[in-house]
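Engineer: Just so you know, the protein sequences line up as chains A and B, in that order. Each residue of the first sequence is one higher than the last, beginning at 8 in the numbering used here. Each residue of the second sequence is one higher than the last, beginning at 120 in the numbering used here. Every residue gets a Cβ at the ideal spot worked out from N, C-alpha and C, and that includes glycine.
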Amino acid sequence: MLLTGSLPAAELSTTFKAVAEYDSGADMTPLRQVEHWVNESVRSASLRRQLEAELAKLLVPGTTFEAKRFACQQLAVVGDRSAVPPLSELLADTNTVGIACYALALIPSKQATEALIDALAQAPGQAKVQIIHALGNRKSEAAVRPLIAQTYAADQAIVNAAIVALGKIGGKKSAKAVADLREQNRPPCTAAVLEASLRIAEQWAAKGSRKKARALFSSLVAPGNPLSVRQGAMGGLFGLDADGGEARALEVLRSPDAALKPAAIAHVPSLESVEVSAVFARELPRLPPQEQVLLLEALAIRGDAGALAAATESLKATNGTVRIAAVMALGRLGDAATVPSLAEALTGAEDALERGAIEQSFVQLGGGPETDRALIARLDQRTQGFKGVLIAALAKRNSREAVPVLMAQATRGDSTVAKAAFQGLGRMAGPEDAPSLLLALTQLSNEDVRGAAEDAAGQALGLVPDAARRFALVADLLKRPGSVEGRCSLIGLLPICGDAQALVVAHEAQADADGRVVNAGLRALADWPNSAAWDPLLGAYQQTENEAHRALAFRGLTRLASEDNARVDAKLIERYRTLLRSAKSDGDRKLVLGALAGAASSAALGLAVEQLANTGVRAEAELAVKKIAEAIQDKDPQAAQDALNKLK
Amino acid sequence: MKPDLSPSPLSRRRFLRRALGVAAPLVVPGSVLGLGAAVAPNSRIVFGGIGMGNRALYVLPNFLAFPDIHFAAVSDAREDRRKVSKEAVDSHYRNQDCRVYRDFRDLLAQKDIDAVLIATGNRWHATASMFAARAGKDVYCEKPISLTIREGRELINTARRYGAIYQAGTQRRSTGSYQFAREMVRQGKIGRVHTVEMQVWTGGTVPHQKPEPVPAGWDYDQWLGPVQWRPFVPARAHNWTCFWDTGEGMHTDMGTHYTDQMQWVLGTDDTGPVEFETSDMVWPDPVKCMSETAISGTFRCRYANGVQGVIYQRKGFTDRYIRYIGDEGWVQVDDETDLVTAEPKSILQTRQAGGVSWSNAGAHIRNLLESIRSRRPTLCHPEVAHRAQTIVESMTISARLNRKLKWNPVKEVFDSEAANRMLYREPRAPWRI
């Protein structure tokens, strides 16, 4: 309800009386009501005055602390000068000074500042610190003189708070006081004085007093101050420099001041002059390797021609770390024209780390197809390990132009190159590449790469949108004469086809005279994407005398059952029952219980409960009972509770 | 007819084999920089932990996994947490060397500590971060980075003032799924973005409870920190996210993850929306509950170019998501599963399988370590984090005042005096901004 005028006195009185007595644990309705009114009072000055008066009454002795705290929270939002006197009464007490300052810090009238200043002299220690913080945050120059007085207090916490508050307020008098404190060099005050000084320098810089700001920042950046202060001050100076800090960063780089160099180098990307990269690149040979690395990274972020030239030059560095930084920078900066330099670096690469970095750079190079073509052109190079890097990079670049090239490398090259080529094809082949990849799989003579070839063909086959079309591609090749290994590979891809015709072929493989084909067929059934394979796989499980085949089939059956957990019906429960009954070991039963736990039904819960009696699988059965009971809690609370009771 | 691009069935075995073949991210390997398994002790970055509760223990293994980090000390206001976290650190290093502090200022005074992990309750995040920066330490701080907008601005100023490197623990900018979604939006795959939908889970409620004695080993005064004192009530202390001055509720606590993503994807890291509004707010029943923050609601913002952001606080924990909606499609990241979905589905063709979820903060920590070394800003530096946090805090203020607010992202002020007076809460001394 929107309020536009004043509230009835009786309603106010009743509500505020309840608030005045509030303590944690009690009904909060009156507090929420007052909050509502406070929010509504934004639209009504009369309501605001009314509420301010009532909130002020909550600050007097006799109300609870929590009522006072609540009132201060509200007055922070709507309080004005009329709230200041009762709030001031709370400043002398260490228990209430915090909540009073909570409100006074946000009341805009100058009476709030005056009240805080007036309270300062008499307030006890911790209360004084609270008041000083509030004065600092109000940034009123009227507080400067009393705060200066507090910088000579006996209590160091008060002294430091006053110094920081002066830094926040700024202005001539504060600056003078802080400068005096710097001169005095009182060690317990050092951190506070440095903070106040940094704040004053920032304010001068923001107000355009560049000369004063520069002088102060320069004194703070000097050696002897903590590194963090020096870094901050250097950042302040960069902001004041007409050249954005270029000359200063260069000066730091040339100095023996190693501590500041990383921060100076980190500033290089934000410098604007077009010559920056060339200017800083000239410093590279004079820097130690770690700083060269940082500078190369910074130049790479700049991304200009000067940076590219510097990174290319650094490929010749004798230090391996620097060379790798240069390689990585080139990945970010370069394009097709960079390929020869990186290729040359690859021929001289000292170890796998450097080759890996170059491969990553090849991947990252800009230039699109032109860069792809530049990389393809280098595939003829015969350096050891060279082709593998290029092929991997082309694959990661998703270069369509590289597909025929990689196909040729996959079928012609040595094992390492062929494997890399198939792996690459697996990443970027599309559905249109499926026929040639399947054919390559059947014609494969190098068994070392068969796994990679199967993966690549499977990936491309999986992208063929129509299941019948997928099967037709595989079936066509299965009809042709070929090696047993090739046939087994094709059978292994039948789950990707996934349709009824493919299932028949996988099933028929069980009757093959060659054990390798039988094995491939069984693996295909065990990998089948849906429960259509249940019956043939169950048949295989029941008939086989081969223990490895039996274990494979059992795992497959369990997986197939779990695939249907989202739609539990009588058939699925019967399948779980079959699995539990035909399990040959506790290991098998544990496997089934793991799958059963995902079947949210009372019948599944019953099966899990039955297994509680089996001590060999008790832990897994308990877990399954808990999971299923939780899942069916809303649907069948009685069954869930009964089952959980059995765990006690 | 568009082709059916839904993936054809690949077996689990084959899928896993492919997923394991995912390429490494494009970074200079740490070992090249002398940061490998055999890192010299003086090359390590020495960390201390501030606030060692559940979140800290969750993320701690991600820190300990880096050979170039040495975790040397922990601090917490609770004795039980000091003990458990010391044990975790000592167990990793197989020694008893982890130092323990009740007051984090004593930890910050240690000269050998370079950086801190701050995983306190939300009330402490900004204050502890500022104290750390003043002490010359670099910072990894859990989100949300602040609880008031002015506190966030002061955090930026403090970090700059001391040249401190700061990483907000929002993680998702370092996560493949979110990076992919951003890339797709930025490549124009969904056309011009007009709406960003985000969803966090329904907020909890806390029944009334009377004050009780503070448990032994718990320094409640230190625990409260900058929050104005109030009596110790166990349910309030344990459910601090449900109170304004300690947590600000679910849309703030979790929402900042997604507003961070929204800002990143929209390229608005140095600015923000210009308007905030809330609706459908459901608040706790004050007769039964002492909690203050919303149970559910809809929090909206609008950018100057018309793009709308909306956070739904509703449904369950696992229903979190962010969805970018454009005039030609949408792309969504499911936060629980890390799954990316999109329309048209062709957007997903270039998504590589596998990758590490946001729940592993390793890449995000690595980014911090690289920044500590180079002194360059992190992915989630204070300005970035503050702008994302400003959105959810502005939504909070809009909800609390029950009014639409206009916001000036340059001056950081609202069009309402009452709202502007909610930009800040004076901390309890000796704590300060």
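Alpha helix (DSSP H) containing residue 422 of chain B: first to last residue?
Structural biologist: Segment: none, residue 422 of chain B is in no alpha helix (DSSP H) and carries neither H nor E.
Engineer: Measure the Cβ-Cβ separation of residue 492 of chain A and residue 530 of chain A and say whether it is below 8 Å.
Structural biologist: Contact flag unset, no.
Engineer: Comparing C-alpha positions only, which one of B:317, B:208, B:497, B:425 sits nearest to residue 182 of chain B?
Structural biologist: Considering only alpha carbons, the answer is B:208.
Engineer: Give the list of continuous alpha helix (DSSP H) stretches no shorter than 4 residues that lie fully inside the segment 336 to 412 of chain B.
Structural biologist: Here the runs fully enclosed are 339 to 343, 353 to 357, 369 to 372, 374 to 385.
Engineer: Leaving out the 5 sequence neighbours to the left and right, which residues in its chain are closer than 8 Å to residue 142 of chain B when beta-carbon positions are compared?
Structural biologist: With a pLDDT of 30 at residue 142 of chain B, under the threshold of 50, the modelled position of that residue is not reliable, and the figure given next carries that caveat. Only 471 meet the Cβ criterion.
Engineer: CB residue 432 of chain A to CB residue 463 of chain A, shorter than 8 Å?
Structural biologist: The answer is yes: Cβ separation under 8 Å.
Engineer: Check for me: the beta strand (DSSP E) holding residue 260 of chain B runs from which residue to which?
Structural biologist: That run of the beta strand (DSSP E) goes 257 to 261.
Engineer: How is residue 68 of chain A classed by DSSP in three states: helix, strand or coil?
Structural biologist: In the structure shown, residue 68 of chain A sits in a strand (DSSP, three-state: E or B).
Engineer: Within the continuous alpha helix (DSSP H) that includes residue 297 of chain B, where are the two ends?
Structural biologist: Counting along the chain, the alpha helix (DSSP H) containing residue 297 of chain B begins and ends at 295 to 305.
Engineer: Under 7 Å Cβ to Cβ from residue 199 of chain B, same chain only, skipping five residues before and after it: list those, please.
Structural biologist: 336.
Engineer: Going by the CB atoms, is the gap between residue 568 of chain A and residue 579 of chain A shorter than 8 Å?
Structural biologist: Contact: yes.
Engineer: Any contact of the segment 427 to 435 of chain B with the segment 367 to 387 of chain B, i.e. 3+ C-beta pairs under 8 Å?
Structural biologist: These segments touch.
Engineer: So if I threshold CB-CB distances at 9 Å, which residues from the segment 99 to 130 of chain A count as touching chain B?
Structural biologist: Flagged, chain order: 102, 104, 105, 106, 108, 109, 110, 111, 112, 113, 114, 115.
Engineer: Starting from the N-terminal side, write out each stretch of the alpha helix (DSSP H) that is 4 residues or longer and does not extend beyond the segment 134 to 210 of chain A.
Structural biologist: Entirely contained in the segment 134 to 210 of chain A, the alpha helix (DSSP H) runs reaching 4 residues are, in chain order, 151 to 157, 163 to 176, 178 to 191.
Engineer: Can you list the residues of chain B that residue 164 of chain A reaches, using a CB-CB cut of under 7 Å?
Structural biologist: In chain order: 549.
Engineer: Say whether the segment 102 to 122 of chain A touches the segment 35 to 51 of chain A, bearing in mind that this needs 3 or more beta-carbon pairs closer than 8 Å, one atom from each stretch.
Structural biologist: These segments do not touch.
Engineer: Quick one: is residue 554 of chain B buried, meaning 16 or more other Cβ sit within 10 Å of its Cβ, or exposed?
Structural biologist: With chain B covering only 120 through 552, there is no way to say anything about residue 554 of chain B.
Engineer: Take residue 302 of chain A as the anchor and find which of A:291, A:310, A:312 has the nearest alpha-carbon.
Structural biologist: Closest by alpha carbon: A:291.
Engineer: What residue range does the beta strand (DSSP E) around residue 285 of chain B cover?
Structural biologist: Residues 285 to 288.
Engineer: Under 9 Å, CB to CB, which of the residues in the segment 9 to 35 of chain A have a partner in chain B?
Structural biologist: Taking 9 Å as the Cβ-Cβ cut-off against chain B, the residues of the segment 9 to 35 of chain A that qualify are 30, 31, 32, 33, 34, 35.
Engineer: Within the same chain, show all residues whose beta-carbon is closer than 8 Å to that of residue 38 of chain A, passing over the 5 residues directly before and after it, in chain order.
Structural biologist: Here the set comprises 26, 29, 77.
Engineer: Considering just the uninterrupted stretch of the alpha helix (DSSP H) at residue 317 of chain B, what are its terminal residues?
Structural biologist: Taken as a continuous stretch (DSSP letters only), residue 317 of chain B belongs to no alpha helix (DSSP H), being part of the beta strand (DSSP E) at 312 to 319.
Engineer: For residue 333 of chain A, return the contacting residues in chain B, with the cut-off set at a CB-CB distance below 8 Å.
Structural biologist: Ordered by position in chain B, no residue passes the 8 Å Cβ test against residue 333 of chain A, which lies about 10 Å from the chain.
Engineer: Taking only beta-carbon atoms, is residue 142 of chain B less than 8 Å away from chain A?
Structural biologist: With a pLDDT of 30 at residue 142 of chain B, under the threshold of 50, the predicted position of this residue should be treated as unreliable, though the coordinate-derived value follows. Closer than 8 Å: yes.
Engineer: May I have the straight-line CA-CA distance separating residue 333 of chain A from residue 318 of chain A, to the nearest angstrom?
Structural biologist: If you take the alpha carbons of residue 333 of chain A and residue 318 of chain A, they lie about 5 Å apart.
Engineer: Note down the Cα distance separating residue 636 of chain A from residue 626 of chain A, rounded to an integer number of angstroms.
Structural biologist: Rounded to the nearest angstrom, the two C-alpha atoms are 15 Å apart.
Engineer: Compare the C-beta of residue 145 of chain B against all C-beta atoms of chain A and say whether one is closer than 8 Å.
Structural biologist: Interpretation of residue 145 of chain B is limited by its pLDDT of 35, a score under 50 that renders its predicted location unreliable; the figure taken from the coordinates is listed afterwards. Answer yes: the Cβ-Cβ gap between residue 145 of chain B and chain A drops below 8 Å somewhere.
Engineer: On a Cα-Cα basis, can you pick out the residue from A:393, A:551, A:430 that is closest to residue 410 of chain A?
Structural biologist: When each option's Cα is compared against that of residue 410 of chain A, the closest is A:430.
Engineer: With a Cβ-Cβ cutoff of 8 Å, do residue 268 of chain A and residue 298 of chain A count as a contact?
Structural biologist: Yes, these two residues count as a Cβ contact at 8 Å.
Engineer: Taking the beta carbon of residue 416 of chain A as the centre, do at least 16 other beta carbons fall within 10 Å, making it buried, or is it exposed?
Structural biologist: With 16 or more other Cβ atoms within 10 Å, it is buried.
Engineer: Determine the closest residue to residue 459 of chain A out of A:617, A:423, A:163, A:541, with distance taken between C-alpha atoms.
Structural biologist: Residue A:423 is the option with its Cα nearest to residue 459 of chain A.
Engineer: In chain A, which residues lie less than 8 Å from residue 328 of chain B when you measure between Cβ atoms?
Structural biologist: 31, 32, listed in chain order.
Engineer: Under the three-state reduction of DSSP, which class applies to residue 552 of chain B: helix, strand or coil?
Structural biologist: The answer is coil: DSSP assigns residue 552 of chain B none of H, G, I, E or B.
Engineer: Could you tell me whether any Cβ in chain A is nearer than 8 Å to the Cβ of residue 154 of chain B?
Structural biologist: Because the pLDDT of residue 154 of chain B is 48, which lies under 50, any placement of that residue in the model is unreliable, and the number read from its coordinates should be weighed accordingly. Answer no: the Cβ-Cβ gap between residue 154 of chain B and chain A never drops below 8 Å.
Engineer: May I ask you to list, following chain order, the residues of the segment 396 to 430 of chain B that have a beta carbon less than 7 Å from some beta carbon of chain A?
Structural biologist: Answer in chain order: 405, 406, 409.
Engineer: Which chain A residues sit within Cβ distance under 9 Å of residue 306 of chain B?
Structural biologist: Correct list: empty, because the minimum Cβ distance to chain A is about 14 Å.
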